Amino acid sequence: MKTLAIQFDLGAKRSRALLTLVFVSTTSLGILVLGPQTKAAVVGDAGVPKNTVIATVTVGQNPDSLVISPDSQTVYVANSNPNTVSVIDVAKNYSVEATITITNFVNFLALSLDGKTLYVSEIPPSSDPGVVEVYDVTSPASPSLTTTLTAGYYPQCMTVSPDGKELYVANGERASLRAAEKGTVTGPPPGTVDVFDTETNNLIKTIHCNGSPFQVVFTENGTQVDVLNEAGTGFIQFIDAATEKVSPSTRAGGLIFRPIGMASNVSATTLYFPDGLDYVTVCNAKTGAVQKTFLAVSSVFTAVFFGQPALTLNGKYLYLPYASGGVAVKTNVSMGPGPGNAVAMIDVGTGKIIGSLITVGNNPVWAQVSPDGKTLYVCNNSDGTISVIDITPK
Numbered sequence: 132m133k134t135l136a137i138q139f140d141l142g143a144k145r146s147r148a149l150l151t152l153v154f155v156s157t158t159s160l161g162i163l164v165l166g167p168q169t170k171a172a173v174v175g176d177a178g179v180p181k182n183t184v185i186a187t188v189t190v191g192q193n194p195d196s197l198v199i200s201p202d203s204q205t206v207y208v209a210n211s212n213p214n215t216v217s218v219i220d221v222a223k224n225y226s227v228e229a230t231i232t233i234t235n236f237v238n239f240l241a242l243s244l245d246g247k248t249l250y251v252s253e254i255p256p257s258s259d260p261g262v263v264e265v266y267d268v269t270s271p272a273s274p275s276l277t278t279t280l281t282a283g284y285y286p287q288c289m290t291v292s293p294d295g296k297e298l299y300v301a302n303g304e305r306a307s308l309r310a311a312e313k314g315t316v317t318g319p320p321p322g323t324v325d326v327f328d329t330e331t332n333n334l335i336k337t338i339h340c341n342g343s344p345f346q347v348v349f350t351e352n353g354t355q356v357d358v359l360n361e362a363g364t365g366f367i368q369f370i371d372a373a374t375e376k377v378s379p380s381t382r383a384g385g386l387i388f389r390p391i392g393m394a395s396n397v398s399a400t401t402l403y404f405p406d407g408l409d410y411v412t413v414c415n416a417k418t419g420a421v422q423k424t425f426l427a428v429s430s431v432f433t434a435v436f437f438g439q440p441a442l443t444l445n446g447k448y449l450y451l452p453y454a455s456g457g458v459a460v461k462t463n464v465s466m467g468p469g470p471g472n473a474v475a476m477i478d479v480g481t482g483k484i485i486g487s488l489i490t491v492g493n494n495p496v497w498a499q500v501s502p503d504g505k506t507l508y509v510c511n512n513s514d515g516t517i518s519v520i521d522i523t524p525k
């Protein structure tokens, strides 16, 4: 049987995956999550977004993720090569006002609810535990390091609790490798979620989830924490925010495959998980029950790998970066913009792509909507740029 092998890279911080296709792409399922800082008045009910690229900002090499201040005036970008954080001033024509040099490998970012504290998850070059650096960004153009927190061996995405009192840090799959290097364990240790007090920066508790926790999001009015776990094909776990106990049940296992990220609507009642390839799964945030799946590309004959998606604040449209792919096997399917330089906007009600694909830079791996709902930012990993897109209604 003839097969076609495609190799792709979703950025320096995500592991390279090899996919083998037999004539056409498989229908594997992945995960989508809305960034924790996307909390503001709903915008966009008046019409379909314009989706006009209004600026391209040069940052460091390999920008992998970003966060946006609550007032939508500052954008922080994590660059993994070299290890820096670029600080973009929106009011000054999207100029880079500061660059924070990071000693370790930069992973992901989070902001306090008032926008005055920036958290940076990092991986040391040695086999030591990971760290989270805490920066005072009261003046974004003059950030200052205030303290360094010791996290798990591979700290990934982070989120601040709705009351602003706790920082949750997901520690992922490389924990077992690094612990084994140190000889501190005889077998793979469980993946964990660290909980820090945001006022004292003290570690409150380490929650053992097993597997590879990647992303966390608060649901049920802040009483529940949903964990996107990348172990196996990927699945959702549930933590009681009051007792910090992990539910023994998991959901959506086998229905999501190599998740890219996780996004929720503003009310945190619905979760969207983009597949590593072609599909999006929609789940109930409280129970994890799968509500539907839909094809997020133009044809089942294509193989498109997604980046981290974003959702408009009114919950109507989902933006999916086409990080790489665009392979059509034995067909003449038109792909629009070339592989790895486009973002699709999807009507979540119908699951259909709306309008033309938005052309951005090469290898877009992360998308996020500003808290005011007016702008979409996209990290173009191979270009070292950020695409700024006007998504106000037409």
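Heads up: the sequence shown is residues 132 to 525, going by this note's numbering.
Ideal placement from N, C-alpha and C gives every residue a C-beta, glycine not left out.
Computed from a prediction, not measured in an experiment: that's the story for all the values here.
What is the rounded straight-line gap between the Cα of S398 and the Cα of T187?
Numbered from 1 along the sequence shown, position 267 holds the residue referred to as residue 398. Numbered from 1 along the sequence shown, position 56 holds the residue referred to as residue 187. When rounded, the distance between both Cα atoms is 31 Å.
Taking only runs that begin and end inside the region 358-415, name each unbroken beta strand (DSSP E) of 3 or more residues, in chain order.
Those beta strand (DSSP E) runs which fall completely within the region 358-415 and span 3+ residues are 366-371, 401-405, 410-415.
Considering just the uninterrupted stretch of the beta strand (DSSP E) at P286, what are its terminal residues?
Here residue 286 refers to the residue found at position 155 when the sequence shown is read from its first residue. 286-291 is the span of the beta strand (DSSP E), which, as asked, contains P286.
Does DSSP classify E330 as helix, strand or coil?
As a working note, residue 330 is residue 199 in the sequence shown. E330 falls in the coil class under three-state DSSP.
Reference D202, options Y285, N214, N210, D245, closest by Cα:
Within the sequence shown, numbered from 1, the residue matching residue 202 stands at position 71. If you compare the alpha carbons of Y285, N214, N210, D245 with that of D202, the shortest gap goes to D245.
Status (buried if at least 16 other CB within 10 Å, exposed otherwise) for E330
Counting from 1 along the sequence shown, the entry for residue 330 is found at position 199. Per the 10 Å Cβ criterion, exposed.
Residues near I335 in its chain [Cβ-Cβ closer than 8 Å; skip 5 each side]
What you label residue 335 is simply residue 204 of the sequence shown in a count that begins at 1. Same-chain partners within the cutoff: E297, V326, F327, D328.
Beta-carbon within less than 7 Å of T277's beta-carbon, same chain only, minus the 5 sequence neighbours each way: which residues are those?
Position 146 of the sequence shown, counted from the start, is the residue given in the question as residue 277. Once the five neighbours on either side are set aside, the close Cβ partners of T277 are V265, Y266, D267.
Reference Q346, options S217, G504, A241, K223, closest by Cα
As a first step, residue 346 must be located in the sequence shown, where it is residue number 215. For the residues S217, G504, A241, K223, the minimum Cα distance to Q346 belongs to A241.
Whole angstroms are fine: how far does the CA of A229 sit from the CA of P274?
By 1-based counting over the sequence shown, the position of residue 274 is 143. By 1-based counting over the sequence shown, the position of residue 229 is 98. Cα-Cα distance, rounded: 8 Å.
Between P180 and V500, what straight-line distance do the alpha-carbon atoms span, to the nearest angstrom?
Mapped onto the sequence shown, residue 180 falls at position 49. Mapped onto the sequence shown, residue 500 falls at position 369. Answer to the nearest angstrom: the Cα atoms are 12 Å apart.
Continuous beta strand (DSSP E) stretch holding A434: start and end:
By one-based count along the sequence shown, residue 434 stands at place 303. It spans 433-437 - the beta strand (DSSP E) in which A434 sits, taken as one unbroken run.
For I185, is the classification buried or exposed, using 16 other Cβ atoms within 10 angstroms of its Cβ as the cut-off for buried?
Residue 185 sits at position 54 when you count from the first residue of the sequence shown. By the neighbour-count rule (16 or more Cβ atoms within 10 Å), I185 is not buried but exposed.
Per DSSP, cross-strand counterpart(s) of F239:
Indexing the sequence shown from 1 puts residue 239 at position 108. Its beta-bridge partners do not exist; DSSP assigns none.
Just curious, the beta strand (DSSP E) that D514 is in, first and last residue?
Start at 1 with the first residue of the sequence shown, and residue 514 comes out as number 383. Taken as a continuous stretch (DSSP letters only), D514 belongs to no beta strand (DSSP E), as it is neither H nor E.
Going by the beta-carbon positions, is the gap between Y448 and I485 smaller than 8 Å?
Along the sequence shown, read from residue 1 onward, the residue named residue 448 stands at position 317. Along the sequence shown, read from residue 1 onward, the residue named residue 485 stands at position 354. Yes.
Within this structure, are the beta carbons of Q439 and V496 separated by less than 8 Å?
Counted from its first residue, the sequence shown places residue 439 at position 308. Counted from its first residue, the sequence shown places residue 496 at position 365. Yes.
N193 - DSSP class collapsed to helix/strand/coil:
Here residue 193 corresponds to residue number 62 of the sequence shown, with the count starting at 1. Three-state DSSP puts N193 in coil, outside helix and strand.
So, at 8 Å on beta carbons, what are the nonlocal neighbours of E253 in its own chain, with the 5 sequence-adjacent residues on each side left out?
Residue numbering aside, residue 253 sits at position 122 when the sequence shown is read from its first letter. Once the five neighbours on either side are set aside, the close Cβ partners of E253 are N214, I233, T234, N235, F236, V237, N238, G261, V262, V263, E264, P286.
In this structure, does DSSP put N85 in helix, strand or coil?
The requested residue 85 does not occur in the structure, where the chain is confined to residues 132 to 525.
Can you tell me where the beta strand (DSSP E) holding Y250 begins and where it ends?
Position 119 of the sequence shown, counting from 1, holds the residue named residue 250. Here the beta strand (DSSP E) through Y250 covers 248-254.
Hey, quick one: how far does the beta strand (DSSP E) through I231 stretch, first residue to last?
Within the sequence shown, the letter at position 100 stands for residue 231. Residues 226-232.
Give every residue of the same chain whose Cβ lies closer than 6 Å to the Cβ of R382, excluding the five residues on either side of it in the sequence, and list them in chain order.
The residue labelled residue 382 in the question sits at position 251 within the sequence shown. The answer, listed in chain order, is I367, G419.
Contact belief for I391 with T443 at Cβ below 8 Å, rounded distance in angstroms
On the sequence shown, position 260 is the one that residue 391 refers to. On the sequence shown, position 312 is the one that residue 443 refers to. The beta-carbon distance between I391 and T443, rounded to whole angstroms, is 18 Å. This is too long to meet the 8 Å contact definition.
Taking all protein chains shown into account, do 16 or more other C-beta atoms lie within 10 angstroms of the C-beta of N96, making it buried, or fewer, making it exposed?
Because residue 96 is not part of the residues shown, which for the chain are 132 to 525, the question remains open.
Sequence-distant residues of the same chain with beta carbon closer than 7 Å to L451, five excluded per side:
Against the sequence shown, residue 451 aligns to sequence position 320. Sequence-distant Cβ neighbours of L451 in its own chain, meaning closer than 7 Å and more than five residues away, are P405, A427, F437, P440, V474, A475, I477.
Does DSSP put V356 in a helix, in a strand, or in coil?
The residue given as residue 356 occupies position 225 in the sequence shown. Residue state, collapsed to three classes: strand.
Rounded to the nearest angstrom, what separates C414 and G407 at their Cα positions?
Numbered from 1 along the sequence shown, position 283 holds the residue referred to as residue 414. Numbered from 1 along the sequence shown, position 276 holds the residue referred to as residue 407. C-alpha separation (whole angstroms): 16 Å.
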